[in-house]
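Student:
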Amino acid sequence: MYGLVDCNNFFVSCERVFDPQLNGKKVVVLSNNDGCVIARSNEAKAAGIPMGCPAFKIKEHTDPNQVIQLSARHIMYHDLSNRVFNIVGKEVVNLQEYSVDEAFFTLRHKDVKTNHQTMAGLVKKINQYVGIPVSIGFAPTRTLAKIANHIAKKDRRITDGVYWLIRPEAIDIILRRTPIEDVWGIGRRIAASLKNKRIMTAADFVKMPASIVRSQFSVTLLRTQLELMGHDCQIVNPVTIAHKTIMTSRTFGKVLTSRDEIADAIVSFAEKTARQLRDESSVAGSIMVFVRGDRFREDLPFYSNSCQLRLEIPSNDTMTIAQQALKAFNIIWRDGFSYRKAGVMALDIEKGKAIQLSLFDPYDHGKLRRLMTSIDSINNSYGSRSVKLAPSLIRGEWKPNQNHFNSASQTLHFYTGMLNP
Ligand SMILES: [Mg+2]
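For any residue, its number in my numbering is found by taking its place in the sequence shown, counting from 1, and adding 753.
1) How many angstroms separate the CA atom of residue 879 from the CA atom of residue 1036?
2) Just to check, is the beta-carbon of residue 787 closer than 6 Å to a non-hydrogen atom of ligand 1?
3) Within a Cβ cutoff of 6 Å, which residues of the same chain sit near residue 944, ignoring the five residues on either side of it in sequence?
4) Taking the beta strand (DSSP E) that residue 777 belongs to, which residues open and close that run?
5) Going by Cα to Cα distance, which pick from 781, 805, 754 is closest to residue 794?
6) Would the C-beta of residue 767 count as close to ligand 1, meaning under 6 Å from any of its heavy atoms?
7) What distance in whole Å lies between the Cβ atoms of residue 963 and residue 981, which are believed to be in contact at a cut-off of 8 Å?
8) Rounded to whole angstroms, what is the Cα-Cα separation between residue 1087 and residue 1015?
9) Along the alpha helix (DSSP H) that carries residue 1094, what are the first and last residues, could you check?
10) Considering only DSSP beta bridges, list what residue 1025 is partnered with.
11) Residue 854: beta carbon under 6 Å from a heavy atom of ligand 1?
12) My output table needs one value for residue 802: the three-state DSSP class, helix, strand or coil.
13) Just the C-alpha distance for residue 895 and residue 987, rounded to the nearest angstrom, thanks.
14) Which residues mark the beginning and the end of the alpha helix (DSSP H) in which residue 1006 is found?
15) Cutting at 7 Å between CB atoms, please list the residues of its own chain near residue 784, excluding the five before and the five after it.
16) Cα-Cα, which of 1061, 1006, 1054, 1078 is closest to residue 1023?
17) Mark residue 898 as exposed unless 16 or more other C-beta atoms lie within 10 angstroms of its C-beta, in which case mark it buried.
18) Per DSSP, what kind of secondary structure is residue 1182 in: helix, strand or coil?
19) Given that a residue counts as buried once 16 or more other Cβ atoms are within 10 Å of its Cβ, and exposed if not, what is residue 1000?
20) Between which two residues does the beta strand (DSSP E) harbouring residue 855 extend?
21) Could you pull out every residue in the same chain whose Cβ sits closer than 8 Å to the Cβ of residue 1008, ignoring the five residues on either side in sequence?
22) Mapping the DSSP letters down to three states, classify residue 812 as helix, strand or coil.
23) Flag residue 806 as yes when its Cβ comes closer than 6 Å to any non-hydrogen atom of ligand 1, and as no otherwise.
24) Got a sec? Which residues, its chain only, sit under 6 Å from residue 1002 by beta carbon, not counting five neighbours each side?
25) Kindly list the residues whose CB is nearer than 6 Å to the CB of residue 1010, restricted to its own chain and excluding five residues on each side of it in sequence; keep chain order.
26) From what residue to what residue does the alpha helix (DSSP H) around residue 978 run?
27) What separation, rounded to the nearest whole angstrom, lies between the Cα atoms of residue 990 and residue 1027?
28) Buried or exposed: which applies to residue 967, given that a residue is buried once 16 or more other Cβ atoms fall within 10 Å of its Cβ?
29) Identify the continuous beta strand (DSSP E) that holds residue 1062 and give its terminal residues.
30) Could you compute how far the alpha carbon of residue 1072 sits from the alpha carbon of residue 1044?
31) Does the distance from the CB of residue 841 to the CB of residue 872 come in under 7 Å?
32) Can you grab the Cα-Cα spacing for the pair residue 961 / residue 938, in whole Å?
33) Considering only their Cβ atoms, is the gap separating residue 1040 from residue 1074 smaller than 7 Å?
34) Would you identify the three-state DSSP class for residue 823, choosing helix, strand or coil?
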């Protein structure tokens, strides 16, 4: 039995945690550079603002003066996401974070009644402790758990935020009411070609002969069909789950004022982020860097900023990511301030995607990949960061207050000549 916990209108809910005046209002969160809508409050949904709507087109749907538009603050969302999943992780087993606001898990006990109380309690607890509303759906497969979660979300008064889609008769009824494009794993294009074949609902799709699904579409779609029938195909297993964002950040051991020291930290975070991407066989489409002063030092002027840059080609290569991170850092760096925290975040992550090469690409990607594999294997054998990028060989003054490290591993100096902080 799978459970899926999903935060409702996540980015908007995060904003509401810190500003309750947003409650009950039409609120949208905008993507990088305030481009288009990436999250909507229920009120904004009801006003007809579609997901992905460009900010300047909001006026086509409703009075823009009544819509509160907010720029995304991914670092804060990431932090609240961690808090939510920490609480969930204590009550369930096999928690698998699927995205910043969703995670699958399995249940400890089979008794649905006791579990319903526990799960309704969990929904309440998360709201009380973190302030984020969540919904939980249960079903025999992950694809059905997605549908169950959707019902839990839409019908909150009836379900306490928890819905069990278990009885075969109930599954039949729900599949008949589920439009084909709402099934997890069926994108717009596939939905359109299915509709051409008069497959309008999930129930129609289940009736389609498996041989046709396989020959005219793909094995992946066949798995989706089997999952809708209640056969667990392990569509997502913990190993293949990729994070949608990866963040490496630290609070420094003391406030720092030197650009070199912080650049040193940024490169080291970029290295760690790239390594994690490679471990997950993922590539990042853009990189975000943030710096922050110390809020509690009233004697120092406070400064905080972040910058997100797209990579020309999605990558998991340490040098590319470090270069981009330094570029972003140079944009937000201001002299004369003190800094207490910084971080690097990989965004627009895609799993197992082949790197698309650009015609004028100056890098030999095969060579870079072999280099990264060698660095990873040296670091695996001799301790992490035995081989690292040159700018991060400076003093390391940014390091957090952790004075009990084993310093047995030696550092090999590895210089690429490609970085210029
Ligand atoms: Mg959500």
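We put the beta carbon where it would ideally sit given N, CA and C, even for glycine.
Tutor: In terms of the structure at hand:
1) 32 Å
2) no
3) 933, 934
4) No residue range can be given for residue 777, since it is assigned to no beta strand (DSSP E) and is classified by DSSP as neither H nor E.
5) 781
6) no
7) Contact flag wrong, Cβ pair sits at about 12 Å.
8) When rounded, the separation of the alpha-carbon atoms in residue 1087 and residue 1015 is 12 Å.
9) For residue 1094, no alpha helix (DSSP H) segment is defined; the enclosing uninterrupted segment is the beta strand (DSSP E) at 1092-1100.
10) DSSP, once it has assigned bridges, lists no residue as partnering residue 1025.
11) yes
12) coil
13) 8 Å
14) Taken as a continuous stretch (DSSP letters only), residue 1006 belongs to no alpha helix (DSSP H), being part of the beta strand (DSSP E) at 999-1009.
15) 791, 825
16) If we check each option's Cα against that of residue 1023, 1078 comes out closest.
17) Counting the other CB atoms within 10 Å of its CB gives residue 898 a total of 16 or more, which places it among the buried residues.
18) Nothing about residue 1182 can be reported from this structure: the residues present for the chain run from 754 to 1174 only.
19) buried
20) Run containing residue 855: 855-859, per the beta strand (DSSP E) assignment.
21) Hits under 8 Å: 1046, 1047, 1050, 1053, 1091, 1092, 1093.
22) helix
23) no
24) Excluding positions up to five away in sequence, the list reads 1096.
25) 1091
26) 972-981
27) Confidence at residue 990 is low in this model, with a pLDDT of 48, below 50, so its placement is unreliable and no value can be given for it.
28) exposed
29) 1057-1068
30) 21 Å
31) no
32) For residue 961 and residue 938, the distance between alpha carbons rounds to 17 Å.
33) yes
34) Strand at residue 823.
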